[in-house]
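Worksheet: the structure to be examined is printed underneath.
In this note's numbering, the protein residues as written are 1281 to 1429.
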């Protein structure tokens, strides 16, 4: 009985060593993979009217994982655009976030797309040209790019 128990213990120990790649507990390595999540948000500050009292002024910044990247002061009111309204504003589905506003008869939207190691911010809106609006209902151009750090 003692021999069977001893053989069983030796067998279990051998299996344990083989399963660990023949390394002792002190020699084993552990691989840890870190995944970072990119969080994007707008910071919109409505500053009131310009110095002439004509146009509302908004300060727009992009928050990248909480770090602020200023994009400038714009002569229009701004509000976030929810993802379920992207298509009706001509904003592509791969846009992470969008905002925009209407002032003086025109809509101007902004949206951010992650492109490799940078974020491209586009601005634009509905095509006002009656001759080309049917073929290209919205026109967006790169407003600014921000390198990811």
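A virtual CB, placed ideally from N, CA and C, is assigned to each residue, including glycine.
Endpoints, the beta strand (DSSP E) within which residue 1423 is located: DSSP places residue 1423 inside the beta strand (DSSP E), whose first and last residues are 1418-1427.
Simplified DSSP state of residue 1353, which is helix, strand or coil: Shown here, residue 1353 sits in a strand according to DSSP, grouped into three states.
Exposure of residue 1334, with buried meaning 16 or more beta-carbon neighbours within 10 Å: Classification for residue 1334: exposed.
Sequence-distant residues of the same chain with beta carbon closer than 7 Å to residue 1352, five excluded per side: Non-local beta-carbon contacts of residue 1352 in its own chain, meaning distances under 7 Å to residues more than five positions away in sequence, involve 1340 in chain order.
Proximity to residue 1422 [Cα-Cα], best of 1397, 1413, 1391: Of the listed residues, the one whose Cα sits closest to residue 1422 is 1391.
Through-space distance from residue 1324 to residue 1305, alpha-carbon basis: Any reading at residue 1305 must be qualified, since the residue scores a pLDDT of 45, below 50, and its modelled position is unreliable; no value is offered.
Exposure label - residue 1328; buried when at least 16 CB within 10 Å: Classified as exposed, residue 1328 has fewer than 16 neighbouring CB atoms from the shown chains inside 10 Å of its CB.
Minimum length 3: unbroken beta strand (DSSP E) runs contained in the segment 1315-1401: Entirely contained in the segment 1315-1401, the beta strand (DSSP E) runs reaching 3 residues are, in chain order, 1320-1329, 1336-1344, 1347-1354, 1377-1383, 1386-1395.
From 1365, 1342, 1419, 1356, residue whose alpha carbon lies closest to that of residue 1398: By alpha-carbon distance to residue 1398, the top candidate from 1365, 1342, 1419, 1356 is 1342.
Rounded distance between the beta-carbons of residue 1358 and residue 1379, thought under 8 Å: With 8 Å as the limit, residue 1379 and residue 1358 qualify as a contact, their Cβ atoms being about 5 Å apart.
Residue 1356 and residue 1322 closer than 8 Å at C-beta: Not a contact, by the Cβ cut-off of 8 Å.
Neighbourhood of residue 1427 by C-beta distance below 6 Å, restricted to the same chain and skipping five residues each side: Same-chain partners within the cutoff: 1398.
Reference residue 1338, options 1418, 1381, 1417, 1376, closest by Cα: By alpha-carbon distance to residue 1338, the top candidate from 1418, 1381, 1417, 1376 is 1381.
C-alpha gap between residue 1365 and residue 1408, whole angstroms: Computed Cα separation, rounded: 20 Å.
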